[in-house]
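What follows is one structure encoded as structure tokens, with my remarks underneath.
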Amino acid sequence: MTATVPLTTLVGHLDRYLDAGAARDYAPNGLQVEGRSEVGHLVTGVSASEELLEQAVARGADAGLVHHGLFWEGMPRVLTGPMRRKVALLLRHEISLLGYHLPLDRHPEVGNNAVAARALGLVDLTPFALHEGLPTGFFGRFPAPVAATELVARCRGLFRQEPLAFLAGPDPLTTVGIVSGGAQREVHQAIAAGLDAYITGEATEWVMATARENRIHYLAVGHHAGERLGVLTLGEHLTRELGLEVTFVDIPNPV
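Its first residue numbered 690, the sequence shown is counted upward by one per residue in the numbering used here.
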């Protein structure tokens, strides 16, 4: 039997649990659009696309919870076009929208990076990759050295797509850092930490040479693929702690 909780209870729980106001972010964390006052069914997903919000309506959700919300630093402050349609859809159906960006990257229990690190078999996790004074990622070690091709295979299985891999580090390898999303520049912090491998979501032109010149493995596993894990695990937490019905909806994105 699932429970229904006040929207304020859900928002307060998430804000506290994820420490939403700990550091400056590129986006507002927490409640972004206010809908009905009670929440029993929550739809979760990576990004607040129109397709995801339509799924929330179709599934009768009271609220949506995403990693990438509607509002971002530097974006136009107008409700026109797709933004108008998305906000109107939420308000028309009284569906709330909550978004948690960097707090859901850095969290040691349900965060994208900690969950991925544990799933890959890393132990002794240590926060790293500072942003605004707080770490956003984790590094750890394998209990026994792992072949570079085995790391690629584990990433392929976990993230459900083929990683773009520049295998330029020690083989076998032991230490790996993970910062999900578009964290290409954080490879320099992985290099400074002396890590054997670095995993993030995306790659840019200079990454291959940087990996080769610094003898580090670089794996781009997909921005979207690498950030499914946090909302999935957070949804399980909300079912366990608040009794909510939570449905994860994946809108596949190869990037």
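C-beta atoms are modelled at their ideal positions from N, C-alpha and C, and glycine is treated no differently. The model shown is predicted, which means the values in this text are computed figures rather than measured ones.
Query - Contiguous alpha helix (DSSP H) assignments of at least 4 residues, all confined to the region 874-915 - result: 876-881, 896-903 and 912-915
**Report entry** the region 706-723 / the region 789-802 touching (three or more Cβ pairs under 8 Å)
**Finding:** yes
Query raised in the report: Which same chain residues, not among the five before or five after D885, have their C-beta less than 8 Å away from its C-beta?
Result: The sequence position of residue 885 within the sequence shown is 196, counting from 1. Contacts found: G858, P859, L862, T863, T864, V865, I905 and H906.
Query - Contact check, V735 vs R901, beta carbons under 8 Å - result: Position 46 of the sequence shown, counted from the first residue, corresponds to residue 735. Position 212 of the sequence shown, counted from the first residue, corresponds to residue 901. No, Cβ-Cβ distance for V735 and R901 is not below 8 Å.
Query raised in the report: Between which two residues does the beta strand (DSSP E) harbouring R766 extend?
Result: Translated into the one-based positions of the sequence shown, residue 766 becomes position 77. Element bounds for R766: n/a, residue is neither H nor E.
Report task. Would you mind stating whether A892 and Q878 have Cβ atoms separated by less than 8 Å? Result -> Start at 1 with the first residue of the sequence shown, and residue 892 comes out as number 203. Start at 1 with the first residue of the sequence shown, and residue 878 comes out as number 189. Their beta carbons are not under 8 Å apart, which means A892 does not touch Q878 by this criterion.
Query raised in the report: By how many angstroms is the C-alpha of A747 removed from the C-alpha of N942?
Result: The count along the sequence shown starts at 1 and reaches residue 942 at position 253. The count along the sequence shown starts at 1 and reaches residue 747 at position 58. Taking the straight line from one Cα to the other gives about 21 Å.
Requested in this report: Going by DSSP, name the residue or residues bridged to H730.
Outcome: Indexing the sequence shown from 1 puts residue 730 at position 41. Per DSSP, E934.
Query raised in the report: In three-state DSSP terms, what is D794?
Result: Mapped onto the sequence shown, residue 794 falls at position 105. Reduced to three states, the DSSP call for D794 is helix.
Query raised in the report: Going by the beta-carbon positions, is the gap between V694 and L931 smaller than 8 Å?
Result: Within the sequence shown, the letter at position 5 stands for residue 694. Within the sequence shown, the letter at position 242 stands for residue 931. Yes, the Cβ-Cβ distance between V694 and L931 is below 8 Å.
Query raised in the report: Whose C-beta lies closer than 8 Å to the C-beta of R849 among residues of the same chain, with five residues either side of it excluded?
Result: On the sequence shown, position 160 is the one that residue 849 refers to. Once the five neighbours on either side are set aside, the close Cβ partners of R849 are A914.
Report task. Specify, as a first and last residue, the run of the beta strand (DSSP E) that A959 falls within. Result -> The first residue shown for the chain is 690 and the last is 944, placing residue 959 beyond what the model contains.
Query - Run of the beta strand (DSSP E) containing L720, from where it starts to where it stops - result: For this step, residue 720 is matched to residue 31 along the sequence shown. Looking at the DSSP string, the run of the beta strand (DSSP E) that includes L720 is G719 to V722.
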